[in-house]
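Colleague: Have a look at this one.
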Amino acid sequence: MAEFGIVIVKILVVFGVLLLTVAYMTLLERKVIGHMQSRIGPHRVGWHGLLQPIADGLKLFFKEDVIVTAADKVVYHLAPFIIVVTALLNVAVIPFGGHSKFLGPLRIADINIGLLYIFALSSLGVYGIVLAGWSSNNKYSLMGGLRSAAQMISYELPLGLATIGVLMQAGSLSLVKIVEAQAEQGWFFIPQCIGFFIFLICAVAECNRTPFDLPEAESELVAGFHVEYSSMKFALFFMAEYASIVIMSALVVTLFFGGWLGPKFLPGTVWFGIKVFIFCYLFIWLRATYPRFRYDQLMKFGWKVLFPLSLLNIALTAIIMVL
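Counting with the numbering used here, you get residues 579 to 901 for the letters of the sequence shown.
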């Protein structure tokens, strides 16, 4: 019974921290991009704008929920929940620390196919985007949904292949075992530098972030697959996007940068948080820096550059391990 209570506490804490992080990622992005573009950013609600995410959440909660007359009502309502649930459930298998005296292992679950679990949920998230675009009965929404399906499927392949080198070195699909292997062999960022860069680029594309934000291209599609959504349904799409950024950053840290490993003067959970923050900042920095790809450039880059490179990385890893 005590173990069950500890698990419940872990779930509540982890999901609470994730949702709070997602809310304040919006403030961080607006502040960072504002400073990069010589603007102030939000600063009116609370000290230096610290209460802005709460104000935005309340505003969206009480906003009128406009429903398109010609929409497929069931699918229209279901799509945003599919996207946000598949994004949030990924956190269940990510280890954010070693072993605590009171809470035991600092993770919700350690399953021996943790990486496959994340890839499976990420693939299901595509359905939510496609269904949102199709059910709105709007040609711009449909085009955004189709773009997203093509983009996410194209970039999931090199994303998965980029992790095979890590799996070959760690000998396990468990994220905990992968971190423990890095404690013995060193961070995988060094021997798997090609895989790391492929994974990072594909992670940006999977989150539909600049320069891969083709599904949400406001200059072409008004806003893409979520153009017909308002109120909290609109907020759910953005919750899913920022949750995906945090999860992908945590996954990069776990696979290539030693997870919670770091010098002993700080707890492992703190090191994990610092590393994840650095990659979340990188996602924002990319948005403020690079222009959007053309759609043909996007597909060519995925299939003609990243896919062959990921196969080359697997071959090189195998050769080095044998030698």
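Glycine residues also receive a C-beta, built at the ideal position from the N, C-alpha and C atoms.
Which residues bound the alpha helix (DSSP H) around residue 634?
Modeller: Element bounds for residue 634: 630-640.
Colleague: Looking only at its own chain, which residues have a Cβ that is under 8 Å from the Cβ of residue 691, when we skip the five neighbours before and after it?
Modeller: Result list for residue 691: 751, 752, in chain order.
Colleague: Buried or exposed for residue 791, going by 16 or more other Cβ atoms inside 10 Å?
Modeller: Flag for residue 791 reads buried.
Colleague: For residue 764, which three-state DSSP category applies?
Modeller: Three-state DSSP puts residue 764 in coil, outside helix and strand.
Colleague: Using only CA atoms, which one of 622, 732, 608 lies nearest to residue 616?
Modeller: Looking at the Cα atoms, 608 is the closest of the given residues.
Colleague: Going by DSSP in three states, residue 676 sits in which element: helix, strand or coil?
Modeller: In this structure, residue 676 counts as coil in the three-state DSSP scheme.
Colleague: Which one of 862, 658, 635, 591 has the shortest CA to CA distance from residue 606?
Modeller: For the residues 862, 658, 635, 591, the minimum Cα distance to residue 606 belongs to 862.
Colleague: Taking the C-alpha atoms as reference points, what is the distance between residue 869 and residue 614?
Modeller: Rounded to whole angstroms, residue 869 to residue 614 spans 15 Å at the Cα level.
Colleague: Cβ of residue 837 within 8 Å of Cβ of residue 683?
Modeller: No. Outside cutoff.
Colleague: Within 10 angstroms of the Cβ of residue 849, are there 16 or more other Cβ atoms? Answer buried if so, exposed if not.
Modeller: Per the 10 Å Cβ criterion, buried.
Colleague: State the Cα-Cα distance for the pair residue 894 and residue 830, rounded to the nearest angstrom.
Modeller: Going by the C-alpha atoms only, they are around 20 Å apart.
Colleague: In angstroms, rounded to a whole number, what distance separates the CA positions of residue 715 and residue 877?
Modeller: Approximately 26 Å, taken between the alpha carbons.
Colleague: With the cut-off set at 8 Å, would you say residue 746 and residue 899 are in Cβ contact?
Modeller: Their beta carbons are under 8 Å apart, which means residue 746 touches residue 899 by this criterion.
Colleague: Which residue's Cα is closest to the Cα of residue 866: 841, 760, 679, 787?
Modeller: Nearest C-alpha to residue 866: 787.
Colleague: Considering residue 703, what are the terminal residues of the alpha helix (DSSP H) in which it resides?
Modeller: Where residue 703 is concerned, the enclosing alpha helix (DSSP H) stretches over 692-713.
Colleague: Could you tell me which of 785, 840, 711 sits nearest to residue 804, measuring between CA atoms?
Modeller: Nearest option by C-alpha distance: 711.
Colleague: By DSSP's criteria, residue 683 is part of a beta bridge. Which residues make up the other side?
Modeller: Beta-bridge pairing links residue 683 to 677.
Colleague: Give, in chain order, every unbroken run of the alpha helix (DSSP H) that is at least 4 residues long and sits entirely within the segment 759-841.
Modeller: Complete alpha helix (DSSP H) runs here, min 4: 771-784, 796-799, 809-834.
Colleague: Between the Cα of residue 884 and those of 664, 819, 732, spot the shortest distance and give me the residue it belongs to.
Modeller: Comparing Cα-Cα distances from residue 884 to each of 664, 819, 732, the minimum goes to 732.
Colleague: CA-CA distance, residue 706 and residue 657?
Modeller: Each residue's alpha carbon lies about 5 Å from the other.
Colleague: For residue 593 and residue 782, I'd like the C-alpha separation in whole angstroms.
Modeller: Taking the straight line from one Cα to the other gives about 23 Å.
Colleague: Could you have a look at residue 865 and say whether DSSP puts it in helix, strand or coil?
Modeller: Residue state, collapsed to three classes: helix.
Colleague: Report yes if the C-beta distance between residue 833 and residue 761 is below 8 Å; otherwise report no.
Modeller: No; because the gap between Cβ atoms is not below 8 Å, this pair is not in contact.
Colleague: Taking the C-alpha atoms as reference points, what is the distance between residue 651 and residue 633?
Modeller: C-alpha separation (whole angstroms): 29 Å.
Colleague: Starting from residue 655, follow the alpha helix (DSSP H) in both directions and report where the run begins and ends.
Modeller: That run of the alpha helix (DSSP H) goes 651-666.
Colleague: Rank 625, 855, 764, 880 by C-alpha distance to the C-alpha of residue 820 and give the top, closest one.
Modeller: Here the closest residue by C-alpha is 855.
Colleague: Which residues in the same chain have their Cβ closer than 7 Å to the Cβ of residue 779, if we skip the five residues on either side of it in sequence?
Modeller: Excluding residues within five positions, the ones whose Cβ falls inside 7 Å are 884.
Colleague: Do residue 588 and residue 681 count as a contact pair if the criterion is CB distance below 8 Å?
Modeller: Cβ atoms of residue 681 and residue 588: closer than 8 Å.
Colleague: Straight-line CA distance for residue 675 to residue 631?
Modeller: Taking the straight line from one Cα to the other gives about 28 Å.
Colleague: Which stretch, first to last residue, makes up the alpha helix (DSSP H) that contains residue 871?
Modeller: Here residue 871 belongs to no alpha helix (DSSP H), and DSSP marks it neither H nor E.
Colleague: Roughly how many angstroms separate the alpha carbons of residue 759 and residue 814, rounded to a whole number?
Modeller: One C-alpha to the other measures close to 37 Å.
Colleague: So what's residue 624 in DSSP terms, helix, strand or just coil?
Modeller: In the structure shown, residue 624 sits in coil (DSSP, three-state: anything other than H, G, I, E or B).
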